[in-house]
Structure formats: C-alpha cells, structure tokens
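Going from the sequence shown to the working numbering is simple: count from 1 and add 168.
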Amino acid sequence: MLVGVTQQTVAVLGLGRMGSAMARRLAGEGWQVLGWHRRGTPVEGIAVEPDLHEAVAKAGAVVLSLFDDAACTEVIDRIRPELAATTPVVNTSTTSPSAAATFADALGPRYVHAPVLGSVRAVMAGGLEVVVGGDQDTVEAVTPLLSALGHIVHVGHAGTAAALKLIANGTLAGALTTVREALRHADALDLDRALVLDVLQAGAIGGLVRAKRDRLDGTGAHRGADFTVAALAKDQALLAAMSPRPWPPAREIESALASAVLQPEDDIAALASMSASDVDVLTPLHAYIRGHATGDPSHFRDAFLPSAHIEGMRDGAFDSWTLDEYLRLFPGHPADDEASRSRRIDGVVVSGTVASATMTLRHGPDTFTDMFVLVDTGTGWRIANKVYHRHGVELGA
169 MLVGVTQQTV
179 AVLGLGRMGS
189 AMARRLAGEG
199 WQVLGWHRRG
209 TPVEGIAVEP
219 DLHEAVAKAG
229 AVVLSLFDDA
239 ACTEVIDRIR
249 PELAATTPVV
259 NTSTTSPSAA
269 ATFADALGPR
279 YVHAPVLGSV
289 RAVMAGGLEV
299 VVGGDQDTVE
309 AVTPLLSALG
319 HIVHVGHAGT
329 AAALKLIANG
339 TLAGALTTVR
349 EALRHADALD
359 LDRALVLDVL
369 QAGAIGGLVR
379 AKRDRLDGTG
389 AHRGADFTVA
399 ALAKDQALLA
409 AMSPRPWPPA
419 REIESALASA
429 VLQPEDDIAA
439 LASMSASDVD
449 VLTPLHAYIR
459 GHATGDPSHF
469 RDAFLPSAHI
479 EGMRDGAFDS
489 WTLDEYLRLF
499 PGHPADDEAS
509 RSRRIDGVVV
519 SGTVASATMT
529 LRHGPDTFTD
539 MFVLVDTGTG
549 WRIANKVYHR
559 HGVELGA
C-alpha cells in the first residue's frame with residue numbers, strides 16, 4: 169500500500185524548461201528535490217544527481233518530465249528493475265495514449281500519468297492544470313505533490329489522461345491559428361496592433377492572448393520560448409495519429425518547420441505571427457500531396473496553374489507533360505500501397521511573389537525528388553512548373 173507522499177525527497181527526471189521549473193517550484197514549496205538529466209551538468213537552483221539510479225534510490229517519489237514516448241520508455245526501462253514497489257512514478261510528460269497505457273501496465277498501480285496544461289510561468293505560480301490518470305489510491309498519495317504544481321483533474325485511466333492532454337494542445341494550435349487570422353485581417357484594415365490585442369484579450373481567446381501578448385506585438389521575439397514549436401509539433405503529430413479525423417494544424421506545423429518558416433526553438437506564438445505568404449505558399453503543396461495520397465486529379469488542379477508543365481527524368485528518358493497529360497496518370501483512387509508511401513516538404517524559399525520548393529516522395533521502391541516554381545497570382549499561390557528526378561525501377565507518377 170502506498171502511503172501519502174508528503175514533503176520528502178522527490179526525484180525530477182528531465183530538467184528541460186518544464187522539468188526545471190517544476191523542480192524549482194517544488195523546492196520552493198519545501199520539498200527536497202533531486203534533479204537528473206542526461207548531461208548531468210549543474211542546473212541553477214536545483215541539486216543535480218548525475219547518476220539516474222542514485223537519484224531514484226534516494227527518492228520517495230519520482231516525477232518524469234521528458235520530451236516524448238521514446239524518452240519516457242528509455243528512462244522507465246532503466247529505473248524499473250530497481251524501483252521500490254511503494255515508490256510512485258508521476259509522469260508529467262506529453263505522450264501518446266498507447267505509451268501511457270504501456271507504462272501503466274509495466275509499473276502497475278504505482279504509475280500515475282499526469283500531463284500538465286500551462287506554461288513555465290504557470291508552473292512558478294503553482295497555476296498548472298494537472299490531468300491525472302491512475303489508481304485512485306496512488307493519486308491520493310501523490311496529491312500533496314501535484315497540488316504544489318496546480319489544480320488536479322482526475323480523469324480515470326492513464327491513457328485517458330494522455331488523450332485529453334493531446335486534445336487540449338490541439339485546441340491550443342487551433343486558437344493560435346485563429347489569432348493569426350485575426351491579426352492578418354486587422355493589418356489589412358490598418359488597425360493599431362495594440363488596440364487589436366486589447367480587444368482580443370477581452371474576448372473568448374483572452375487567456376491565450378494575455379499569456380502571449382509580449383510575443384504578439386509584431387517584434388517577432390520568439391526565442392527563449394515558454395513552449396517550443398518543436399514540442400507542439402510533436403503533440404499535433406500524436407493527435408493526428410491518434411484520431412481517424414484529419415487534423416490540419418499537424419500538417420501545417422510540420423510543413424512550416426520543414427520549410428524553415430518556423431524554427432524548432434521558436435515559441436508557439438510564432439504560429440500566430442506567420443505572414444500570409446509563409447502560410448499560403450504551403451497551400452498548393454498540400455493540395456499536391458493530397459492528389460498523390462488520394463489519386464484524385466482535382467487536387468492537382470487546385471495545386472497547379474492550368475498552363476503548368478511537369479518535366480523530369482524517368483528510366484533515363486526525359487518526360488514532358490502538360491497538366492492534362494499528367495493528370496491522366498491518376499486513376500481517382502489511392503494506390504494499393506498508399507499506407508506505406510510518404511511525402512515530405514524539404515524546403516521553401518519565398519522571394520516576393522515567387523517561390524521555390526523541394527519535396528521528397530517515397531513510393532514503394534521509388535524515390536522522387538520534386539522541385540517546384542510557385543507564383544502568387546493575387547488570388548493565391550499556385551505551382552507554375554514542376555521538375556522531378558526519379559530513383560527506382562517501378563513505374564509510377
């Protein structure tokens with residue numbers, strides 16, 4: 169039986185932005201905190217134990233604050249053989265529901281999945297929302313610990329807590345898109361940015377605008393992030409994989425990172441500050457990807473100018489098609505091996521009203537390198553021409 173965890177030694181495993189903030193918050197609330205991270209280097213304000221097993225051995229409770237499924241799996245596998253049966257493991261990391269369920273199966277009732285909603289600032293104020301899944305007795309045992317970080321919402325199973333965290337972060341991505349569109353309309357109307365933010369802050373998305381206001385003032389100060397684009401991208405990809413419904417923000421963020429429109433260490437406020445060109449130039453590229461995924465020629469008509477040509481090397485011979493000739497290659501339904509195919513936007517360079525882009529497509533044994541010239545027509549970006557190089561032996565488009 170687990171006893172209540174009170175102000176004893178807590179091992180915080182993972183000292184990134186959130187892990188360090190939680191360790192400092194707990195220490196400030198009177199807990200004895202030992203931190204561990206892979207580098208083992210000193211972290212200001214935190215007693216760091218370089219040896220993972222020593223940190224766990226000295227602790228009455230273990231808190232994980234790690235980046236993803238793989239990092240959590242690695243650390244849990246390392247500590248599991250030596251972990252005392254009465255030591256609760258509280259995982260505040262954002263993971264897939266399947267990974268959370270696996271960790272719960274491996275560690276039994278001592279495992280609590282407790283992803284958190286809120287920023288580094290919220291941690292320091294004790295204002296996180298902690299979405300908790302796990303055994304009721306264990307949740308009660310770790311309540312004093314989690315209450316030092318914020319408000320607890322017990323939702324049942326570990327997998328449920330993980331899924332709800334992804335849903336919450338999905339709404340965050342959607343809200344940032346809404347803010348971006350509002351700011352673009354405001355700029356088009358030549359409205360004062362400060363007044364616009366005043367009004368948005370008073371409205372339905374006021375909490376987000378208030379939290380990110382100093383990053384939405386047009387200066388583009390997105391470094392020193394509270395919540396990085398890379399972390400949000402990971403969460404959106406998990407949400408897209410978890411649900412059968414399409415999730416456009418996952419694709420948009422992935423493409424913006426691949427094209428260097430966003431940088432991984434930018435704060436998520438950068439999503440709300442992307443220019444119209446940054447966002448819209450990706451639209452025809454996404455339509456092109458949908459055309460390959462579905463085999464539906466109408467997506468290619470959305471992507472290309474009617475005058476476009478598609479040219480490249482196939483089996484050592486030079487091919488040149490008009491758009492209509494190219495579209496005859498697509499049967500109107502996905503390829504039989506679509507589940508194993510992949511497409512990735514490698515880079516986009518925008519120069520005023522023209523742009524270039526590169527994409528890699530892997531279709532079975534064939535790999536295509538596609539290069540595009542795009543034009544802003546005034547009513548939207550379209551692909552003017554495409555050239556490609558095909559590696560492989562299987563015929564395909």
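Using N, Cα and C, we set each Cβ at its ideal position, and we do this for glycine too.
All values derive from a computational prediction rather than experimental measurement.
Same chain, Cβ closer than 7 Å to residue i, five either side skipped, listed in chain order
i: P218; result: G208
i: A269; result: A326 and G327
i: L170; result: Bear in mind that a pLDDT of 43 at L170, under 50, signals an unreliable position, so the model cannot answer this.
i: A520; result: Checking the sequence shown, residue 520 turns out to be Gly, not Ala. Once the five neighbours on either side are set aside, G520 has no close Cβ partner at all.
i: E212; result: none
Which of helix, strand or coil DSSP assigns to residue i
i: E217; result: coil
i: R558; result: strand
i: D514; result: strand
i: T451; result: helix
i: A552; result: strand
i: V347; result: helix
i: V243; result: helix
i: F498; result: coil
i: I320; result: strand
i: G203; result: strand
i: V180; result: strand
i: R383; result: helix
i: H460; result: helix
i: R469; result: helix
i: D435; result: strand
i: V211; result: strand
i: H325; result: coil
i: G392; result: coil
Buried versus exposed, by CB contacts within 10 Å (16 or more), residue i
i: H460; result: buried
i: F486; result: exposed
i: L363; result: exposed
i: Q404; result: buried
i: L314; result: buried
i: K417; result: Here the sequence assigns Pro to residue 417, which means Lys is not the residue at that position. By the 10 Å Cβ count, P417 comes out buried.
i: T319; result: Inspection of the sequence shows that residue 319 is occupied by His rather than by Thr. Its Cβ having fewer than 16 others within 10 Å, H319 is exposed.
i: A252; result: exposed
i: D394; result: buried
i: R383; result: buried
i: L359; result: exposed
i: S188; result: buried
i: T547; result: exposed
i: T339; result: exposed
i: R192; result: buried
i: D273; result: exposed
Span of the beta strand (DSSP E), counted from its first residue to its last, around residue i
i: R482; result: F472 to R482
i: V230; result: A229 to L232
i: R419; result: That residue, R419, is in no beta strand (DSSP E); its alpha helix (DSSP H) goes P416 to A426.
i: S441; result: Run containing S441: none in the beta strand (DSSP E); it sits in the alpha helix (DSSP H), A438 to S441.
i: S488; result: A485 to T490
i: R530; result: V522 to H531
i: V257; result: V257 to N259
Residue range of the alpha helix (DSSP H) that includes residue i
i: W540; result: Here residue 540 turns out to be Phe, not Trp, going by the sequence shown. Run containing F540: none in the alpha helix (DSSP H); it sits in the beta strand (DSSP E), D534 to D544.
i: T306; result: Q304 to S315
i: M186; result: R185 to G196
i: G374; result: G374 to K380
i: T270; result: P265 to L275
i: R361; result: R361 to Q369
i: V132; result: Since the first residue of the chain shown is 169 and the last is 565, residue 132 is not available in this structure.
i: V397; result: V397 to M410
Cutoff 8 Å; reference residue i; Cβ partners in own chain excluding five residues on either side
i: R511; result: I457, H460, A461, M527, T528, L529 and R530
i: G286; result: G295, L296, E297 and G318
i: E250; result: H221, V224 and A225
i: V522; result: V541, L542, V543 and D544
Sequence-distant residues of its chain with Cβ nearer than 6 Å to residue i (five each side left out)
i: K333; result: T262, P283 and V299
i: G348; result: Per the sequence shown, residue 348 should be read as Arg rather than Gly. Cβ within range, chain order: A440.
i: A398; result: P432
i: H559; result: T535
i: M481; result: H557
i: Y494; result: I478
i: A424; result: L430
Expected contact under 8 Å - CB spacing of residue i and residue j to nearest Å
i: I421; j: A408; result: 10 Å between Cβ atoms; not a contact.
i: A354; j: L376; result: No, A354 and L376 are not in contact; Cβ-Cβ is about 16 Å, not under 8 Å.
i: G500; j: D464; result: 6 Å
i: D245; j: A267; result: No, D245 and A267 are not in contact; Cβ-Cβ is about 12 Å, not under 8 Å.
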